[in-house]
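K.L.:
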Amino acid sequence: MSSDATSPETYRDLVASSLSDPAGFWGEAAGAVDWIRRPSQVLDDSEPPFSRWFPDGTLNVCFNALDRHVVHGRADQTALIYDSPVTGTTRRYTYAELLDLVARFAGVLRDLGVGKGDRVVVYLPMVPEAVITMLACARIGAVHSVVFGGFAPAELAARIEDARPRVVVSASCGIEPSGVIAYKPMLDAAIERSAHTPEHCVILQREQQPCELGERDLDWATLMHPDAVAPAACVPVDATDPLYVLYTSGTTGRPKGIVRDSGGYAVALRWSMTHLYGVHPGETWFCASDVGWVVGHSYIVYAPLLTGATTILYEGKPVGTPDAGAFWRVIAEHGAMAAFTAPTAIRAITKQDPSAQLVGDYDLSALRALFLAGERLDPDTWAWATEHLGVPVIDNWWQTETGWPIAINPVGPDGALFEIRPGSPGPATAGWDVRVLDPQGEQAPAGTEGAICLRLPLPPGALPTLWQDDERFVSSYLSAHEGYYLSGDGGYVDEDGYVFVMGRTDDVLNVAGHRLSTGSLEEALAGHPAVAECAVIGVADQLKGQVPRGLVVLRAGTDTDEAGLARLQEELVARVRAEVGAVASLRRVDVVDALPKTRSGKILRRTMRQIADGETPLVPSTIEDPGVLDDLRTLLQG
Numbered sequence: 001m002s003s004d005a006t007s008p009e010t011y012r013d014l015v016a017s018s019l020s021d022p023a024g025f026w027g028e029a030a031g032a033v034d035w036i037r038r039p040s041q042v043l044d045d046s047e048p049p050f051s052r053w054f055p056d057g058t059l060n061v062c063f064n065a066l067d068r069h070v071v072h073g074r075a076d077q078t079a080l081i082y083d084s085p086v087t088g089t090t091r092r093y094t095y096a097e098l099l100d101l102v103a104r105f106a107g108v109l110r111d112l113g114v115g116k117g118d119r120v121v122v123y124l125p126m127v128p129e130a131v132i133t134m135l136a137c138a139r140i141g142a143v144h145s146v147v148f149g150g151f152a153p154a155e156l157a158a159r160i161e162d163a164r165p166r167v168v169v170s171a172s173c174g175i176e177p178s179g180v181i182a183y184k185p186m187l188d189a190a191i192e193r194s195a196h197t198p199e200h201c202v203i204l205q206r207e208q209q210p211c212e213l214g215e216r217d218l219d220w221a222t223l224m225h226p227d228a229v230a231p232a233a234c235v236p237v238d239a240t241d242p243l244y245v246l247y248t249s250g251t252t253g254r255p256k257g258i259v260r261d262s263g264g265y266a267v268a269l270r271w272s273m274t275h276l277y278g279v280h281p282g283e284t285w286f287c288a289s290d291v292g293w294v295v296g297h298s299y300i301v302y303a304p305l306l307t308g309a310t311t312i313l314y315e316g317k318p319v320g321t322p323d324a325g326a327f328w329r330v331i332a333e334h335g336a337m338a339a340f341t342a343p344t345a346i347r348a349i350t351k352q353d354p355s356a357q358l359v360g361d362y363d364l365s366a367l368r369a370l371f372l373a374g375e376r377l378d379p380d381t382w383a384w385a386t387e388h389l390g391v392p393v394i395d396n397w398w399q400t401e402t403g404w405p406i407a408i409n410p411v412g413p414d415g416a417l418f419e420i421r422p423g424s425p426g427p428a429t430a431g432w433d434v435r436v437l438d439p440q441g442e443q444a445p446a447g448t449e450g451a452i453c454l455r456l457p458l459p460p461g462a463l464p465t466l467w468q469d470d471e472r473f474v475s476s477y478l479s480a481h482e483g484y485y486l487s488g489d490g491g492y493v494d495e496d497g498y499v500f501v502m503g504r505t506d507d508v509l510n511v512a513g514h515r516l517s518t519g520s521l522e523e524a525l526a527g528h529p530a531v532a533e534c535a536v537i538g539v540a541d542q543l544k545g546q547v548p549r550g551l552v553v554l555r556a557g558t559d560t561d562e563a564g565l566a567r568l569q570e571e572l573v574a575r576v577r578a579e580v581g582a583v584a585s586l587r588r589v590d591v592v593d594a595l596p597k598t599r600s601g602k603i604l605r606r607t608m609r610q611i612a613d614g615e616t617p618l619v620p621s622t623i624e625d626p627g628v629l630d631d632l633r634t635l636l637q638g
């Protein structure tokens, strides 16, 4: 079957084919990747619950991302645009220029003793050197592990200890709207407390705050001088060899390292870029994430470059660099045909620019779609973006573990293939057999909430295991229901196959025996025109078990005097009663300045609930601003 989808009917046929004949479907999709040895076997699932894709194939992912485009006529096309409002810098790299830099840094790593299977930890801000390092590792068969730039020493130490890198690549500093953040002292502190010591640290000196180099430290610029290093050639790797290890956010104790294999990931991402996001070779794509997260790995670096598109690397924020029009400037200046960010970024923009005045300052005629992922997209954020951008606003649901979307409304030649239904990312995509199971493991009827699970085998691109821990992989994801991957998210699938993700299963409230998702309550609160962002948590109650409590952040310009706030709180409680019902028992809604989140934008509902219940909270290492949580303690415990 052809892997082109130009209508809802052809797309549904594609998805059905991927489930009934996964080997045939993905074997055909593998034709879009250049192989050194083309696999004779597509899927090996002879040892369930483990499965391996393209087990006898060999390739090089860096060759597929760079070399082949240079060979086939894209040498002078822009591969990467670095746009940094925090430094006032914009740089463009053609495919030929990026290939030269990657091959040279691969040579640097080779000369430092890094070989196939060795690990390299990448602790860099959003600078081109981060992309160069990732691809250089792929070029020589090394395994990169990117740690979000600016992570605290304890968390960085845990990742260094687990990955045991031969080399760490870092920078003297990162730059935030609040100021310069010195990376080198945090890296030194992390190595000091880690049981593993890397042999070398390569340091990118940034002019905003250079640092002193120690005995194991080497200067990036010196190593990369053309006279100092010979470029490295591509090293063949097995399709099942790891490309990278990415540690999930919010882990405690030993971090959980998601392994991404080389062949399956390359095939899935190349397929997804065109067939889900509608991006073709030569087009410009803007993914406003960070390379420290899975979205940055998949859709800033690998998918666009595997496709032969132009990718934008943005060192800035949705607001504050300099204002809430930052994303619209990037799209307009570089002619991006699509953009991808998190709902929390759009909510930050709506809070500062609720009437979207800044949108009108820019020519967004090239933009065909806005994609949002990383957390639940509430219908009101969707409606704001749809109204003011005038393009399809498309939710998509996936996880660090899956590597690419489980459910999305794919973009065809004329826009979204399916009717957009606010609150749903759309139908399951190719390869993902989505089932909603009840506590007994039985499939729930259409429209009934339960645990969202994925029937095995998982498609190419999904994690094959955890780093050096098969047992933990099985116990964490595969043990709840035999033959299924447990997503940890709750929700339902409607009669038309649309997936509705209502939140993490531990965010389900039990109010007097009634199970209520936080998503439905938040949807009611978010529908009020004064609300920019909201969260609902369940607080322990002697009579009802739990009662919901709402926290809202207001849009700019909202009346916040005492009478206005009292009126607003009454309206919000009434909205929930009208839309969810009296059973929700929501009686209290507090107005706050900000909600605590991880750096990837996930709201820390569980942590807030633990504080409200007087427990010792589990505060994830990825919290963006611990001060926000501190500010809420008195309120939550009051």
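Here the UniProt record's numbering is used: the first residue of the sequence shown is 1, the next is one more, and so on. We put the beta carbon where it would ideally sit given N, CA and C, even for glycine.
#1: Using 10 angstroms around the beta-carbon of Asp83, count the other beta-carbons present and answer buried if the total reaches 16, otherwise exposed.
#2: Measuring alpha carbon to alpha carbon, tell me which residue in Leu305, Thr307 and Ala339 is nearest Tyr314.
#3: Do you know offhand how far Arg74's Cα is from Val474's?
#4: Put Tyr11 into one of helix, strand or coil per three-state DSSP.
#5: Across the stretch 128-148 and the stretch 233-242, are there enough close Cβ pairs to call them in contact, namely three or more that are closer than 8 Å?
#6: Starting from the N-terminal side, write out each stretch of the beta strand (DSSP E) that is 3 residues or longer and does not extend beyond the stretch 383-466.
#7: Can you tell me whether Leu618 is buried or exposed? The criterion is at least 16 other CB atoms within 10 Å of its CB, across all chains shown.
#8: Reducing DSSP to helix, strand and coil, say where Ile36 ends up.
#9: Suppose the cutoff is 6 Å on Cβ atoms and the five residues either side in sequence are ignored; what does the same chain contact list for Trp384 look like?
#10: Name the one or two DSSP bridge partners that Gln569 has.
#11: Among all the DSSP beta bridges, which residues are the ones paired with Trp53?
#12: With 16 as the cutoff for other CB atoms within 10 Å, does Thr310 come out buried or exposed?
#13: Kindly list the residues whose CB is nearer than 6 Å to the CB of Val15, restricted to its own chain and excluding five residues on each side of it in sequence; keep chain order.
#14: Determine, using beta carbons only, whether Ala239 and Gly264 come nearer to each other than 8 Å.
#15: Going by the C-beta, is Ala158 closer than 7 Å to any heavy atom of the ligand NAP?
#16: Kindly provide the ranges of any alpha helix (DSSP H) runs that are 4 or more residues long and lie completely inside the stretch 328-384, ordered along the chain.
#17: Between the stretch 593-606 and the stretch 541-550, are three or more C-beta pairs nearer than 8 Å?
#18: Grab the span of the beta strand (DSSP E) containing Val131 for me, first residue to last.
#19: Taking the alpha-carbon of Thr386 as reference, which of Thr402, Ser355, Glu375 and Trp404 has the nearest alpha-carbon?
#20: Return the chain-ordered list of same chain residues with a C-beta closer than 7 Å to the C-beta of Asn64, the five sequence neighbours on each side being excluded.
#21: Is it the case that the stretch 282-301 contacts the stretch 325-340, given that we only count it when at least three CB pairs across the two stretches are under 8 Å?
#22: Below 8 Å between beta carbons: does that hold for Pro596 and Met608?
#23: Does the Cβ of Asp361 have 16 or more other Cβ atoms within 10 Å, making it buried, or fewer, making it exposed?
#24: Based on Cα-Cα distance, which residue from Arg270, Thr598 and Gly88 lies nearest to residue 645?
#25: Alpha carbons only, please: which of Arg587, Arg567 and Ala566 is nearest the one belonging to Val576?
#26: Is it buried or exposed, residue 701, if we count other Cβ atoms within 10 angstroms and call 16 or more buried?
#27: Apart from the five residues just before and just after Val70, which ones in its own chain have a Cβ nearer than 6 Å to its Cβ?
#28: How about Gly490 and Val499: do their beta carbons lie closer than 8 Å?
#29: Quick check: what's the CA-CA separation for Pro529 versus Ala451?
P.N.:
Let me spell this out:
#1: Its Cβ being crowded by 16 or more others within 10 Å, Asp83 is buried.
#2: That would be Ala339, whose Cα lies nearest to the Cα of Tyr314.
#3: Put simply, the backbone Cα of Arg74 is about 43 Å away from that of Val474.
#4: The answer is helix: DSSP assigns Tyr11 an H, G or I state.
#5: With the cut-off at 8 Å, the stretch 128-148 and the stretch 233-242 touch.
#6: DSSP runs (the beta strand (DSSP E)) wholly in the stretch 383-466: 393-397, 434-437 and 450-455.
#7: Leu618 comes out exposed.
#8: Coil, per DSSP.
#9: Same-chain partners within the cutoff: Thr350.
#10: DSSP, once it has assigned bridges, lists no residue as partnering Gln569.
#11: Residue pairing by DSSP places Trp53 opposite Leu43 in a beta bridge.
#12: The residue in question, Thr310, is buried, as its Cβ has 16 or more Cβ neighbours within 10 Å.
#13: The beta carbon of Val15 is closer than 6 Å to those of Ala430 in its chain, skipping five residues each way along the sequence.
#14: Between Ala239 and Gly264, the CB-CB gap stays under 8 Å.
#15: Within the structure as shown, the ligand NAP is missing, as the structure has no ligands at all.
#16: Qualifying alpha helix (DSSP H) stretches, in chain order: 343-352.
#17: Flag = no, the stretch 593-606 and the stretch 541-550 do not touch.
#18: Not the beta strand (DSSP E): Val131 falls in the alpha helix (DSSP H), residues Pro128 to Ile140.
#19: Closest by alpha carbon: Ser355.
#20: Within the same chain, Asn64 has close Cβ partners Val33, Asp34, Ala266 and Leu306.
#21: Taking 8 Å as the limit for Cβ pairs, the verdict is that the stretch 282-301 does touch the stretch 325-340.
#22: Cβ atoms of Pro596 and Met608: closer than 8 Å.
#23: Counting every other CB atom within 10 Å of its CB across the protein chains shown gives Asp361 a total below 16, marking it as exposed.
#24: Because the chain is modelled from 1 through 638, residue 645 falls outside the range shown and cannot be assessed.
#25: The shortest Cα separation from Val576 among Arg587, Arg567 and Ala566 belongs to Arg587.
#26: Since the displayed the chain opens at 1 and closes at 638, residue 701 lies outside it and no answer follows.
#27: Excluding residues up to 5 positions away in sequence, Tyr95, Ala96 and Leu99 lie with their Cβ nearer than 6 Å to the Cβ of Val70 in the same chain.
#28: Against a cut-off of 8 Å, the Cβ pair of Val499 and Gly490 comes out as no contact.
#29: Just so you know, the alpha carbons of Pro529 and Ala451 end up roughly 32 Å apart.
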